[in-house]
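2 protein chains.
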Amino acid sequence: MIKLDESSIIKIFQKGLGNNEFVSEDVEIFNLGKIKIISKTDTLVESTDIPPKMKLTDAARKSIIACVSDFAAKGIKPEYGIISVNLPKKISRSKILDIVKGFKKASSEYGIKILGGDTNAGKEIVFNVTLFGNSKNIVTRKGSKKGDLIFVTGPFGYTSVGLDLLLGKRKESGKFAVKSIKSMINPKPKLKFGLKNKKYFSSSMDSSDGLSTTLNEMSKQSKKKFLINNIPAGNDLENYAKSHKLDLNSLVFHGGEEYEFVFTVSPKYKQIIIKNARSLKTPIIQIGQVTSGKGVFVKAEKDYVTLKDLGWKHF
Amino acid sequence: MIKLDESSIIKIFQKGLGNNEFVSEDVEIFNLGKIKIISKTDTLVESTDIPPKMKLTDAARKSIIACVSDFAAKGIKPEYGIISVNLPKKISRSKILDIVKGFKKASSEYGIKILGGDTNAGKEIVFNVTLFGNSKNIVTRKGSKKGDLIFVTGPFGYTSVGLDLLLGKRKESGKFAVKSIKSMINPKPKLKFGLKNKKYFSSSMDSSDGLSTTLNEMSKQSKKKFLINNIPAGNDLENYAKSHKLDLNSLVFHGGEEYEFVFTVSPKYKQIIIKNARSLKTPIIQIGQVTSGKGVFVKAEKDYVTLKDLGWKHF
Numbered sequence: 001m002i003k004l005d006e007s008s009i010i011k012i013f014q015k016g017l018g019n020n021e022f023v024s025e026d027v028e029i030f031n032l033g034k035i036k037i038i039s040k041t042d043t044l045v046e047s048t049d050i051p052p053k054m055k056l057t058d059a060a061r062k063s064i065i066a067c068v069s070d071f072a073a074k075g076i077k078p079e080y081g082i083i084s085v086n087l088p089k090k091i092s093r094s095k096i097l098d099i100v101k102g103f104k105k106a107s108s109e110y111g112i113k114i115l116g117g118d119t120n121a122g123k124e125i126v127f128n129v130t131l132f133g134n135s136k137n138i139v140t141r142k143g144s145k146k147g148d149l150i151f152v153t154g155p156f157g158y159t160s161v162g163l164d165l166l167l168g169k170r171k172e173s174g175k176f177a178v179k180s181i182k183s184m185i186n187p188k189p190k191l192k193f194g195l196k197n198k199k200y201f202s203s204s205m206d207s208s209d210g211l212s213t214t215l216n217e218m219s220k221q222s223k224k225k226f227l228i229n230n231i232p233a234g235n236d237l238e239n240y241a242k243s244h245k246l247d248l249n250s251l252v253f254h255g256g257e258e259y260e261f262v263f264t265v266s267p268k269y270k271q272i273i274i275k276n277a278r279s280l281k282t283p284i285i286q287i288g289q290v291t292s293g294k295g296v297f298v299k300a301e302k303d304y305v306t307l308k309d310l311g312w313k314h315f
Numbered sequence: 001m002i003k004l005d006e007s008s009i010i011k012i013f014q015k016g017l018g019n020n021e022f023v024s025e026d027v028e029i030f031n032l033g034k035i036k037i038i039s040k041t042d043t044l045v046e047s048t049d050i051p052p053k054m055k056l057t058d059a060a061r062k063s064i065i066a067c068v069s070d071f072a073a074k075g076i077k078p079e080y081g082i083i084s085v086n087l088p089k090k091i092s093r094s095k096i097l098d099i100v101k102g103f104k105k106a107s108s109e110y111g112i113k114i115l116g117g118d119t120n121a122g123k124e125i126v127f128n129v130t131l132f133g134n135s136k137n138i139v140t141r142k143g144s145k146k147g148d149l150i151f152v153t154g155p156f157g158y159t160s161v162g163l164d165l166l167l168g169k170r171k172e173s174g175k176f177a178v179k180s181i182k183s184m185i186n187p188k189p190k191l192k193f194g195l196k197n198k199k200y201f202s203s204s205m206d207s208s209d210g211l212s213t214t215l216n217e218m219s220k221q222s223k224k225k226f227l228i229n230n231i232p233a234g235n236d237l238e239n240y241a242k243s244h245k246l247d248l249n250s251l252v253f254h255g256g257e258e259y260e261f262v263f264t265v266s267p268k269y270k271q272i273i274i275k276n277a278r279s280l281k282t283p284i285i286q287i288g289q290v291t292s293g294k295g296v297f298v299k300a301e302k303d304y305v306t307l308k309d310l311g312w313k314h315f
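If you read the protein sequences in the order shown, they are chains A and B. For the first sequence, the UniProt record's numbering gives the first residue as 1, with consecutive numbering after it. For the second sequence, the UniProt record's numbering gives the first residue as 1, with consecutive numbering after it.
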């Protein structure tokens, strides 16, 4: 048995299927008739993605949310969805009702029509969601220019804390604990913000695999250097990290599951972006700037240090 | 714990999602921009759908084939595919290569471009495939008319024998055993036949859940009686059933996994259908006729007897 990492597995698929674009954009784009279809598939697996204390309703909702997040990053409205569900043979009616409730919740929140799908028996619960929309073109991961500003649509790192609390690794109560758990179980992709502002984005990417993964991918695809001088987290997270002797950067950059997105804009659009964010109550944060060169660097006490891609990997 | 059957589970989804069309046609149809998209999702789960002796390459191929079969029944070309794969964390590189080989095989055979997908860690292997095409309209399950002839695109019942052999329930060698196992591991939906002839079909449906399920569904949706007077199986299957004291009707009508389809046509198209089948080497078989009334009946020694829906159910 060889232990393979996710990128090796993806490479085997790319090579074998003669398709080098396997998993390289947030969404799939293809022409049917005269229009461009945008679609995104995401899978939520019980043993990997559902912490013991997470409710099935929240997990089912999140399986749709994960796809919505990619549409939000690209500023495209997801219009339809297809859901495949694997269920253990002995699942109870009430658990199925919980699951359906979660699907209903997400589809109502984001105005998606669920077309259908299939149900299958399996060893564990699996939700596989595919969403569809259409658009003439998409904001890519590779379009950032020298001088562009780098923004995120919300704070990072709280999901890591939330997951630890859900897993019982740490105990914590109060406002900060509630906020952290909520960030994990009830993520809210900023779809409206994406729809309204995509025309200003030079590049964008969903960041649910971790901010370090996203920034590195955007930098690599854009062939630009990303300089990060503002860590998108509040004092509450900083204090928590200090008091538990945790590395703040690890929480913020490598946790994942935030379902926010990163976008770059020319400085000339800064004011309009901020104005739009305010009217939509989207707590965008400017975290840095694009420059020439390569790699992602975070401002440390003295100098900038390399930010490695240490986000979520499945294998 | 309540043990729920598949149709109860589907009803919970339909009700909860406010969509009564959940799983009622072979394919999903939706408008995007100005065109009609046709899509189909199917899931293959290791513990449910992969018999121990089946190769991963064949299983991966079959996960695409299962969707192709629905497109074939509707006479629509599947153009693109998205594949989600769940893999156990310790899977070997050679097994992954086998899987990719199967996806490649199916996509080459039927001219489908695989756009991408995702890979996930899970307790067991799961392949989730979604295929896309476009069409102005589709042949429904409900359009059969009084007097129409009922056809199938190939013989039935061999897959049941093949599965028993793969599961080691029975031992058998020789030509018949090879043919039966092949029908199970290497099904070939009659896509070209569907594409060429759909204009003549008054109704059609993929029959992979079992011929009795398909005929009952078509009869119910069309509000017509289906009379079956010719069982689509050869003497070899009949002899096998006799010698093993198996019920031939159970093998033929309730087995499933044939990936053939059922279609109805007006008698005026009989000759052109037969001519087209011959030129495409599709071994179509006329099995009966549509009449007024309801229910599906099979000719027995003296009279017609009710054919119940006893095809494949997941739960």
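C-beta: ideal position from N, C-alpha, C; glycine also.
From the beta carbon of residue i, is the nearest beta carbon of chain A less than 7 Å away?
i                      : result
E217 of chain B        : no
K196 of chain B        : no
I284 of chain B        : no
D309 of chain B        : no
T306 of chain B        : no
G122 of chain B        : yes
V290 of chain B        : no
D5 of chain B          : no
K105 of chain B        : no
V178 of chain B        : no
I150 of chain B        : no
residue 327 of chain B : Residue numbering for chain B in the displayed model covers 1 to 315; residue 327 of chain B lies beyond these limits and cannot be assessed.
Using a Cβ-Cβ distance under 7 Å, would residue i count as near chain B?
i               : result
F71 of chain A  : no
E257 of chain A : no
S207 of chain A : no
F297 of chain A : no
N86 of chain A  : yes
E109 of chain A : no
N137 of chain A : no
G16 of chain A  : yes
I112 of chain A : no
G116 of chain A : yes
F156 of chain A : no
G33 of chain A  : yes
V265 of chain A : no
V126 of chain A : yes
V129 of chain A : no
Can you tell me the Cα-Cα spacing of residue i and residue j, whole angstroms?
i               : j               : result
K105 of chain A : L97 of chain A  : 12 Å
N86 of chain A  : D148 of chain A : 44 Å
K15 of chain B  : D309 of chain B : 23 Å
V298 of chain A : S208 of chain B : 56 Å
I38 of chain A  : A241 of chain B : 50 Å
G75 of chain A  : Y200 of chain A : 10 Å
Q271 of chain A : F261 of chain A : 19 Å
K90 of chain B  : D303 of chain B : 57 Å
N235 of chain B : K220 of chain B : 31 Å
A66 of chain A  : H244 of chain B : 52 Å
Y110 of chain B : L307 of chain B : 34 Å
Whole-angstrom Cβ separation of residue i and residue j, contact assumed at under 8 Å?
i                      : j               : result
T264 of chain B        : I138 of chain B : Actually they do not touch by this definition, with Cβ atoms about 15 Å apart.
I274 of chain B        : N230 of chain B : I274 of chain B to N230 of chain B, Cβ: 14 Å. No contact.
L248 of chain A        : E238 of chain A : 6 Å
F71 of chain A         : L131 of chain A : 6 Å
T41 of chain B         : V129 of chain B : 7 Å
N216 of chain A        : V296 of chain A : 5 Å
residue 358 of chain A : L32 of chain B  : Nothing can be reported for residue 358 of chain A: it is not among the residues displayed for chain A, which extend from 1 to 315.
> What runs of the beta strand (DSSP E), each 3 residues or longer, lie entirely inside the segment 121-174 of chain B?
Replying inline: 126-134, 149-152
> What runs of the beta strand (DSSP E), each 3 residues or longer, lie entirely inside the segment 255-288 of chain B?
Replying inline: Here the runs fully enclosed are 261-265.
> Quick one: any contact between the segment 247-257 of chain A and the segment 199-218 of chain A, if contact means 3 or more CB pairs under 8 Å?
Replying inline: yes
> Taking one C-beta from the segment 46-63 of chain A and one from the segment 151-169 of chain B each time, how about it: are there three or more such pairs within less than 8 Å?
Replying inline: no
> If we count Cβ pairs, one from each stretch, closer than 8 Å, do we get three or more for the segment 278-293 of chain A versus the segment 161-178 of chain A?
Replying inline: no
>> List, from N- to C-terminal side, the alpha helix (DSSP H) runs of 4 residues or more that fit wholly inside the UniProt domain "PurM-like N-terminal" (30-133) of chain B.
In response: For the UniProt domain "PurM-like N-terminal" (30-133) of chain B, whole alpha helix (DSSP H) runs of length 4 or above, ordered along the chain, are 46-49, 56-74, 93-110.
> How about the segment 111-124 of chain A and the segment 172-185 of chain A: do they share at least three Cβ pairs that are nearer than 8 Å?
Replying inline: Not touching, per the Cβ criterion.
> Should the segment 47-55 of chain A be called in touch with the segment 25-36 of chain A, which here means at least 3 C-beta pairs below 8 Å?
Replying inline: no
> Can you list, in chain order, the stretches of the beta strand (DSSP E) that have 3 or more residues and sit fully within the segment 207-245 of chain B?
Replying inline: 225-228
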